[in-house]
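Protein chains in written order, with my numbering: chain A, 125 to 482; chain B, 125 to 482. Report on the following structure.
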């Protein structure tokens with residue numbers, strides 16, 4: 125085991141968007157100095173950090189110089205190029221480690237890992253050609269969903285295969301990238317579980333959240349989700365299986381489909397997650413603090429909420445009536461300091477608290 | 125009325141210690157960019173700010189240049205030199221305003237204001253010489269407390285007049301500064317109330333906290349304090365009278381003595397206050413967020429707590445067993461990023477939450 129980092133140590137974050145910003149704020153609260161590496165200068169995280177660096181991911185020297193100033197590194201997004209990760213690892217420990225990234229950067233490897241960990245997924249098939257797509261659709265049926273194996277998020281790199289979808293067009297629409305086809309899950313609702321794993325294997329699991337998406341983007345999370353005790357127990361088992369299987373350090377999230385009470389794993393995010401933003405105001409220790417604790421080698425905080433919470437994302441022009449939003453006394457407001465409210469861009473979120481029900 | 129500041133605006137803070145740091149973190153959460161002016165570089169607040177400036181308070185040009193980059197200014201401590209304040213005011217609005225500073229920088233003016241506002245104080249007398257001290261002690265008795273009118277905090281600039289105290293020695297011990305003598309208050313306990321006042325006069329008052337000091341430094345605050353409904357109502361009246369009387373914008377704190385159920389005002393702090401740190405974890409809107417809302421011209425958030433809280437300061441060497449402190453799952457930990465744990469120095473604090481009692 126590594127010694128825990130003393131307060132005042134430097135934690136470096138690869139990536140400088142809103143997740144990096146909220147990680148930086150949580151790390152500062154614990155007395156750490158936060159350094160940010162991002163491709164753009166003065167992004168959301170850099171403006172709350174002790175120091176920031178702007179360079180392309182391809183600049184291995186810059187990544188290495190940044191890493192050498194840090195006691196430990198973490199990241200706000202999982203699609204860090206392999207060469208940048210190697211450059212970072214050459215100068216400082218990166219937590220979570222390579223396994224968490226490699227197993228979640230590729231949907232095919234991820235699905236196979238989930239099954240090996242004893243968890244359920246939808247049926248899926250590897251797709252490398254139109255012919256492969258045709259045979260996969262023949263097996264999994266319509267509707268089904270074609271997804272690139274790598275670099276997809278917020279609904280990007282996906283095509284729904286409906287009754288009338290031309291498979292050649294669908295294949296072209298994802299740029300003929302290596303892909304998987306996923307069977308349609310007749311889910312009643314979308315849930316997610318956010319958990320943290322410490323370096324000694326200790327785990328802290330937050331209650332399930334129930335999530336609503338539109339246009340592939342999360343809109344609302346409600347936590348704790350109203351589920352049976354059996355479902356909550358099963359979700360905790362899933363979190364333990366995945367966290368342990370990845371030998372993960374830090375926070376991760378598991379997106380789940382609730383199909384007639386059975387929990388089907390949709391995907392894993394090896395990082396803090398939008399469906400865990402409710403913990404900022406409803407728990408004594410938020411997902412961001414948990415992550416910083418874990419990467420610093422500290423024991424985890426309590427994941428018990430003191431309040432129930434409805435988290436609403438502010439997307440693009442949602443932020444325009446900001447004067448009304450800030451006047452809502454029931455809203456715990458989080459804005460990310462982004463300059464332009466482009467469509468689909470996450471500008472902030474609101475947490476609304478209420479007393480916990482038994 | 126001034127228009128509310130849009131998210132992304134720059135709020136400048138005069139002073140870069142732990143109060144500035146916690147204000148900066150709260151302002152960032154609301155989407156503001158925070159600039160810090162401090163006499164030392166890379167202090168606690170500068171390391172979480174978008175930009176920071178280091179120069180002596182006497183450098184009016186530096187203060188003015190700093191202020192010109194900000195949309196509004198505030199401060200973390202009330203003893204800002206008059207010339208620096210004038211330089212700042214020449215370039216940007218400073219909130220709270222001059223009246224709040226002038227009325228609280230001088231204990232004699234403060235005490236007179238408190239009485240004019242309809243609130244009680246202990247008996248007091250102006251002292252400008254040993255002879256004046258002798259006649260004041262003759263009137264107010266022993267024990268009593270001699271305090272410099274200006275620049276006292278955390279027990280500094282004070283001398284207790286006991287039965288055997290030589291008055292000439294006491295007068296010398298406060299460097300023969302203009303002073304007041306205060307009668308001893310036979311208080312049962314020390315309370316405080318933290319409140320915020322918006323630019324339109326709206327007020328948000330947090331519940332009373334009960335405080336324990338030692339060596340003149342706050343150790344523990346417990347909130348909400350267990351008081352009668354009448355006491356709570358009287359405290360809210362006091363907060364309204366003082367906030368309105370100062371025409372204050374932002375957070376302020378009123379330290380109170382509970383003398384047989386009567387609330388005696390000890391002193392006013394025209395800023396966020398150590399006895400309000402419990403609001404960081406026990407309220408949806410902390411005193412730091414309230415202050416940033418007020419100085420931005422925003423409506424205030426709710427001051428209602430969702431939990432009860434015991435706040436414990438970490439002073440000097442209290443921080444040495446940090447590995448044990450961070451392992452306490454019941455502790456919400458706040459560390460200020462200070463490098464040296466000097467005696468009496470506030471290094472951080474811990475909030476411990478529990479369910480609210482009725």
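Even glycine gets a Cβ: it sits at the ideal position worked out from N, Cα and C.
field: Candidates A/156, A/210 and A/238: closest to residue 188 of chain A by CA position
entry: Locating residue 188 of chain A in the first chain gives position 64, counting from the first residue. Checking every option, the nearest Cα to that of residue 188 of chain A belongs to A/210.
field: Min CB distance residue 171 of chain B to chain A below 8 angstroms
entry: In the second chain, counting from the first residue as 1, residue 171 of chain B sits at position 47. At least one chain A Cβ lies under 8 angstroms of residue 171 of chain B.
field: Stretch-stretch touch, CB-based, cutoff 8 angstroms, three pairs: the segment 394-404 of chain B with the segment 458-465 of chain A
entry: no
message: Quick check: is any heavy atom of the ligand COA less than 7 angstroms from the C-beta of residue 361 of chain B?
response: Questions concerning the ligand COA fall outside what the structure shown contains, since it holds no ligand whatsoever.
message: Going by beta-carbon coordinates alone, are residue 133 of chain B and residue 161 of chain B separated by less than 8 angstroms?
response: To locate residue 133 of chain B, count along the second chain from 1; it is residue 9. To locate residue 161 of chain B, count along the second chain from 1; it is residue 37. No; because the gap between Cβ atoms is not below 8 angstroms, this pair is not in contact.
- prompt: Quick one: does residue 330 of chain A have its CB under 8 angstroms from some CB of chain B?
  reply: Mapped onto the first chain, residue 330 of chain A falls at position 206. No, residue 330 of chain A lies away from the interface with chain B (no Cβ there is under 8 angstroms from its Cβ).
- prompt: Secondary structure at residue 69 of chain A, three-state DSSP: helix, strand or coil?
  reply: Chain A is shown from 125 up to 482; residue 69 of chain A falls before or after that span and cannot be answered.
task: Could you tell me whether any Cβ in chain B is nearer than 8 angstroms to the Cβ of residue 194 of chain A?
output: Here the question's residue 194 of chain A lines up with position 70 in the first chain. No - not a single Cβ of chain B is within 8 angstroms of the one on residue 194 of chain A.
query: List, in order along the chain, the chain B residues whose C-beta lies closer than 8 angstroms to that of residue 423 of chain A?
result: Looking up residue 423 of chain A in the first chain gives position 299. Ordered by position in chain B, the residues that pass the 8 angstroms Cβ test against residue 423 of chain A are 450, 451 and 453.
- prompt: Roughly how many angstroms lie between the CA atoms of residue 302 of chain B and residue 274 of chain B, to the nearest whole one?
  reply: Numbered from its first residue, the second chain carries residue 302 of chain B at position 178. Numbered from its first residue, the second chain carries residue 274 of chain B at position 150. For residue 302 of chain B and residue 274 of chain B, the distance between alpha carbons rounds to 8 angstroms.
field: Inter-residue spacing [alpha-carbon to alpha-carbon] between residue 163 of chain B and residue 193 of chain B
entry: Numbered from 1 along the second chain, position 39 holds the residue referred to as residue 163 of chain B. Numbered from 1 along the second chain, position 69 holds the residue referred to as residue 193 of chain B. Taking the straight line joining both Cα atoms gives about 18 angstroms.
field: C-alpha distance - residue 287 of chain B paired with residue 340 of chain B, whole-angstrom precision
entry: Counting from 1 along the second chain, the entry for residue 287 of chain B is found at position 163. Counting from 1 along the second chain, the entry for residue 340 of chain B is found at position 216. Approximately 20 angstroms between the Cα atoms of the pair.
Against chain A: residues of the segment 128-159 of chain B by CB proximity under 9 angstroms: 128, 130, 131, 132, 145, 146, 148, 149, 152, 153, 154, 155, 156, 157 and 158
task: Answer yes or no: does any C-beta atom of chain A fall closer than 8 angstroms to that of residue 430 of chain B?
output: The count along the second chain starts at 1 and reaches residue 430 of chain B at position 306. Yes, its Cβ sits closer than 8 angstroms to a Cβ of chain A.
field: Residues near residue 266 of chain B in its chain [Cβ-Cβ closer than 7 angstroms; skip 5 each side]
entry: On the second chain, residue 266 of chain B is found 142 positions in, with the first residue counted as 1. Contacts found: 285, 286 and 287.
task: Please name the residue, chosen from B/479, B/365 and B/403, that lies closest to residue 428 of chain A on a Cα-to-Cα basis.
output: Position 304 of the first chain, counting from 1, holds the residue named residue 428 of chain A. Looking at the Cα atoms, B/479 is the closest of the given residues.
- request: Establish whether the CB of residue 426 of chain A and some CB of chain B are separated by less than 8 angstroms.
  value: Within the first chain, numbered from 1, the residue matching residue 426 of chain A stands at position 302. Closer than 8 angstroms to some Cβ of chain B, the Cβ of residue 426 of chain A qualifies, so yes.
- prompt: Just how far apart, CA to CA, sit residue 442 of chain B and residue 405 of chain B?
  reply: Residue mapping note: residue 442 of chain B aligns to position 318 of the second chain, counting from 1. Residue mapping note: residue 405 of chain B aligns to position 281 of the second chain, counting from 1. Cα to Cα, the separation comes out at about 21 angstroms.
field: Best match in A/315, A/410 and A/271 for proximity to residue 300 of chain A [C-alpha to C-alpha]
entry: For the purposes of this step, residue 300 of chain A is identified with residue 176 of the first chain, where counting begins at 1. It is A/271 whose Cα lies nearest to the Cα of residue 300 of chain A.
message: Can you tell me whether residue 245 of chain A is buried or exposed? The criterion is at least 16 other CB atoms within 10 Å of its CB, across all chains shown.
response: Residue mapping note: residue 245 of chain A aligns to position 121 of the first chain, counting from 1. Buried, by the Cβ-count rule.
field: residue 355 of chain A, enclosing alpha helix (DSSP H) - first and last residue
entry: Taking the first chain and counting its residues from 1, one reaches residue 355 of chain A at position 231. Run containing residue 355 of chain A: 353-369, per the alpha helix (DSSP H) assignment.
Three or more C-beta pairs below 8 angstroms linking the segment 330-347 of chain A and the segment 200-215 of chain A: no
message: Quick check on residue 405 of chain B - is its C-beta less than 8 angstroms from some C-beta in chain A?
response: Mapped onto the second chain, residue 405 of chain B falls at position 281. So yes, residue 405 of chain B belongs to the interface.
task: Give the C-beta separation of residue 477 of chain A and residue 433 of chain A to the nearest angstrom, bearing in mind that I take them to be a contact with Cβ-Cβ under 8 angstroms.
output: In the first chain, residue 477 of chain A corresponds to position 353, counting from 1. In the first chain, residue 433 of chain A corresponds to position 309, counting from 1. Indeed they touch by this definition, with Cβ atoms about 6 angstroms apart.
is_contact[residue 401 of chain A, chain B] using C-beta, thresh 8 angstroms: For the purposes of this step, residue 401 of chain A is taken as residue 277 along the first chain, with counting starting at 1. No - not a single Cβ of chain B is within 8 angstroms of the one on residue 401 of chain A.
field: With 16 other Cβ atoms within 10 Å as the buried cut-off, status of residue 153 of chain B
entry: Stepping through the second chain from its first residue, residue 153 of chain B is reached at position 29. Under this definition residue 153 of chain B is a buried residue.
query: Would residue 177 of chain B count as contacting chain A if we go by Cβ distances under 8 angstroms?
result: Here residue 177 of chain B refers to the residue found at position 53 of the second chain. No, its Cβ sits nowhere closer than 8 angstroms to a Cβ of chain A.
Unbroken alpha helix (DSSP H) run spanning residue 297 of chain A, endpoints: For the purposes of this step, residue 297 of chain A is taken as the residue at position 173 of the first chain. Here the alpha helix (DSSP H) through residue 297 of chain A covers 291-297.
message: Is it buried or exposed, residue 357 of chain B, if we count other Cβ atoms within 10 angstroms and call 16 or more buried?
response: One-based indexing of the second chain puts residue 357 of chain B at position 233. Classification of residue 357 of chain B: exposed, given that the 10 Å Cβ count is below 16.
- prompt: Along chain B, which residues have their Cβ under 7 angstroms away from the Cβ of residue 472 of chain A?
  reply: If you number the first chain from 1, residue 472 of chain A lands on position 348. Correct list: 155.
- prompt: residue 458 of chain B CB to nearest chain A CB: under 8 angstroms?
  reply: What you label residue 458 of chain B is simply residue 334 of the second chain in a count that begins at 1. Residue 458 of chain B counts as touching chain A.
- prompt: Below 8 angstroms between beta carbons: does that hold for residue 191 of chain A and residue 178 of chain A?
  reply: For this step, residue 191 of chain A is matched to residue 67 along the first chain. For this step, residue 178 of chain A is matched to residue 54 along the first chain. Not in contact: residue 191 of chain A and residue 178 of chain A (Cβ atoms no closer than 8 angstroms).
- request: Determine the DSSP secondary structure at residue 314 of chain B, reduced to helix, strand or coil.
  value: On the second chain, position 190 is the one that residue 314 of chain B refers to. Three-state result, residue 314 of chain B: strand.
task: Measure how close the beta-carbons of residue 264 of chain B and residue 249 of chain B come, nearest whole angstrom, since I'm counting them as under 8 angstroms.
output: The residue given as residue 264 of chain B occupies position 140 in the second chain. The residue given as residue 249 of chain B occupies position 125 in the second chain. That belief holds up - the Cβ atoms of residue 264 of chain B and residue 249 of chain B are roughly 6 angstroms apart, short of 8 angstroms.
message: Looking at the strands, I want to know which residues DSSP matches up with residue 456 of chain B.
response: Position 332 of the second chain, counted from the start, is the residue given in the question as residue 456 of chain B. Paired residue(s): B/475.
message: Contact between the segment 348-362 of chain A and the segment 221-237 of chain A is defined here as three or more beta-carbon pairs at a separation below 8 angstroms; is this criterion met?
response: no
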